[in-house]
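*Asks:*
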Amino acid sequence: ICAAQAPARPRTPERIVSLIPAATEMLFAFGAGPQVVGVGSFDTYPPETSRLPKVGALLDPDVERILSLKPELVVVYASQRDLKQQLQRAGIAIYDYKHAGLADVTATMRALGEATGHADRARESADAIERTLDQIRARVANRPAPRTLLVFGHEPGALRGIYASGGVGFLDDMLKIAGGVNVFADVAQQAVQASTEQIIARRPEVILEVRARDDAMPLADRASDVRIWSALASVPAVRTGHVQFLVDDRLVIPGPRVAEGTRLMAEALHPGAFR
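Put into structure tokens, the structure is as follows:
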């Protein structure tokens, strides 16, 4: 009698390329860092990424460079169809990265852990993020939630080309957990190009500007960016001095440090809850 053979386990990739900052952070967070041989052009964390070859990003992936690194798995954006086709023709496995909200951060961590041979540590990391988010939610649960405009971009020194969080996506999810109410909660998209007229009409009680860390941006310029909001003197947040400028990668990258970013946001909205 022949015993039935167990299905072969997928081979753990020894050489991984990630074009996505959030995914790169995840790989290093749960122990797959030594397998990473190439990263995206905008990957800056953890510091080990500075020593790795850069292979382009969403709009400009360097296919030749990627192939030269002989990867066994490449983490790509779901929208990079041409790149995926070229990698598949070369016989290279791909991981399709996509996210719509905060829950996708921990789901992606668990899935990437499975795909790279680190399922247990990835699951532990994801569980820890979810516990921290629950703790933040509990800290602010009984406090009034201020109407908040969450801005992540505009023209330097001017209130033009303003991009704010809409009512879906990881930034909106972070804001809810941090104890704020998004003034654009009714707009079912991740980003809203907001006019000053819309902002005046929606009367935010708090304005939070969030940006990735940029060491090249002097503190004086950051202060100037806060001051430009004085042009909207009728907005409650401006009138009461509740305009804050938060510069930290943890606020804008949906990776393993997202719970830390959510706490920073919660501390800005409810400082008394964390004293």
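For the sequence shown, the working numbering assigns the number 21 to the initial residue and increments by one for each residue that follows.
Just so you know, even glycine gets a beta-carbon here, dropped at the ideal spot from N, CA and C.
(1) If you draw a straight line from the C-alpha of arginine 295 to the C-alpha of asparagine 162, how long is it?
(2) Excluding the 5 residues flanking glycine 181 on each side, which residues of the same chain have their C-beta closer than 6 Å to its C-beta?
(3) Considering threonine 168, what are the terminal residues of the beta strand (DSSP E) in which it resides?
(4) Are there 16 or more other CB atoms within 10 angstroms of the CB of serine 99, so buried, or fewer, so exposed?
(5) Give me the DSSP bridge partner(s) of serine 38.
(6) Alanine 253 by DSSP, collapsed to three states: which one?
(7) Buried or exposed for aspartate 235, please, with buried defined as at least 16 other CB atoms from any protein chain shown within 10 angstroms of its CB.
(8) Taking all protein chains shown into account, do 16 or more other C-beta atoms lie within 10 angstroms of the C-beta of proline 276, making it buried, or fewer, making it exposed?
(9) From this set, Val96, Arg31 and Phe50, which residue's C-alpha is nearest glycine 58's C-alpha?
(10) Could you work out which residue in Gln210, Val246, Ser38 and Asp268 is closest to lysine 104 when comparing CA atoms only?
(11) Among Met194, Thr126 and Thr168, which residue has its Cα nearest to the Cα of isoleucine 220?
(12) Check each candidate in Asp124, Thr64 and Gly189 and name the one with the smallest Cα separation from valine 207.
(13) According to DSSP, simplified to helix, strand and coil, what is arginine 29?
(14) Tell me, to the nearest whole angstrom, how far the beta carbon of alanine 113 is from that of proline 33; I am working on the premise that it is less than 8 Å.
(15) How many angstroms separate the CA atom of proline 166 from the CA atom of valine 258?
(16) To the nearest angstrom, how far is the alpha carbon of histidine 262 from that of glutamate 225?
(17) Nearest by alpha-carbon distance to alanine 211: which of Ala120, Lys74 and Asp116 is it?
(18) Would you mind reading off the limits of the beta strand (DSSP E) that contains glutamine 264?
(19) Under the three-state reduction of DSSP, which class applies to glutamine 213: helix, strand or coil?
(20) Could you pull the start and end residues of the alpha helix (DSSP H) that valine 125 belongs to?
(21) With the cut-off set at 9 Å, would you say tyrosine 183 and valine 201 are in Cβ contact?
*Replies:* Concretely, from the data shown:
(1) Locating residue 295 in the sequence shown gives position 275, counting from the first residue. Locating residue 162 in the sequence shown gives position 142, counting from the first residue. Cα-Cα distance, rounded: 16 Å.
(2) As a working note, residue 181 is residue 161 in the sequence shown. The residues are His174 and Glu175.
(3) Along the sequence shown, one-based indexing puts residue 168 at 148. Run containing threonine 168: 167–173, per the beta strand (DSSP E) assignment.
(4) As a first step, residue 99 must be located in the sequence shown, where it is residue number 79. With fewer than 16 Cβ atoms within 10 Å of its Cβ, serine 99 is classed as exposed.
(5) Your numbering for residue 38 matches position 18 in the sequence shown. Val59 and Val95, per the DSSP bridge assignment.
(6) Sequence index remark: in the sequence shown, residue 253 carries index 233 (1-based). Assignment of alanine 253 by DSSP, reduced to helix, strand and coil, places it in the coil class.
(7) Reading the sequence shown from its first residue, position 215 is the one you call residue 235. In this prediction, aspartate 235 scores a pLDDT of 47, lower than 50, which makes its location untrustworthy; the coordinate-derived value is nonetheless stated afterwards. It counts as exposed.
(8) In the sequence shown, the residue the question calls residue 276 occupies position 256. Classification of proline 276: buried, given that the 10 Å Cβ count is 16 or more.
(9) Sequence index remark: in the sequence shown, residue 58 carries index 38 (1-based). Out of Val96, Arg31 and Phe50, Val96 has the C-alpha closest to the C-alpha of glycine 58.
(10) Taking the first residue of the sequence shown as 1, we reach residue 104 at position 84. Among Gln210, Val246, Ser38 and Asp268, the Cα nearest to that of lysine 104 belongs to Ser38.
(11) Walking along the sequence shown from the start, residue 220 turns up at place 200. The option with the nearest alpha carbon to isoleucine 220 is Thr168.
(12) Indexing the sequence shown from 1 puts residue 207 at position 187. Of the listed residues, the one whose Cα sits closest to valine 207 is Gly189.
(13) What you label residue 29 is simply residue 9 of the sequence shown in a count that begins at 1. Confidence in arginine 29 is poor, its pLDDT being 46 and thus under 50, which makes the residue's placement unreliable; the coordinate value appears in the next sentence. The answer is coil: DSSP assigns arginine 29 none of H, G, I, E or B.
(14) Here the question's residue 113 lines up with position 93 in the sequence shown. Here the question's residue 33 lines up with position 13 in the sequence shown. So it is a contact: roughly 7 Å between Cβ atoms.
(15) Translated into positions along the sequence shown, residue 166 becomes position 146. Translated into positions along the sequence shown, residue 258 becomes position 238. Looking at the backbone, the Cα of proline 166 and that of valine 258 are separated by about 14 Å.
(16) In the sequence shown, the residue the question calls residue 262 occupies position 242. In the sequence shown, the residue the question calls residue 225 occupies position 205. One Cα belongs to histidine 262, the other to glutamate 225, and the distance between them is close to 7 Å.
(17) For the purposes of this step, residue 211 is identified with residue 191 of the sequence shown, where counting begins at 1. Distances from the CA of alanine 211 to each of Ala120, Lys74 and Asp116 were compared; the closest alpha carbon is that of Ala120.
(18) Sequence index remark: in the sequence shown, residue 264 carries index 244 (1-based). According to the DSSP assignment, glutamine 264 belongs to the beta strand (DSSP E) that extends over 263–267.
(19) Indexing the sequence shown from 1 puts residue 213 at position 193. Here glutamine 213 carries a strand assignment [DSSP, helix/strand/coil].
(20) As a working mapping, residue 125 is identified with position 105 in the sequence shown. Valine 125 -> alpha helix (DSSP H) spans 123–136.
(21) Indexing the sequence shown from 1 puts residue 183 at position 163. Indexing the sequence shown from 1 puts residue 201 at position 181. No. Outside cutoff.
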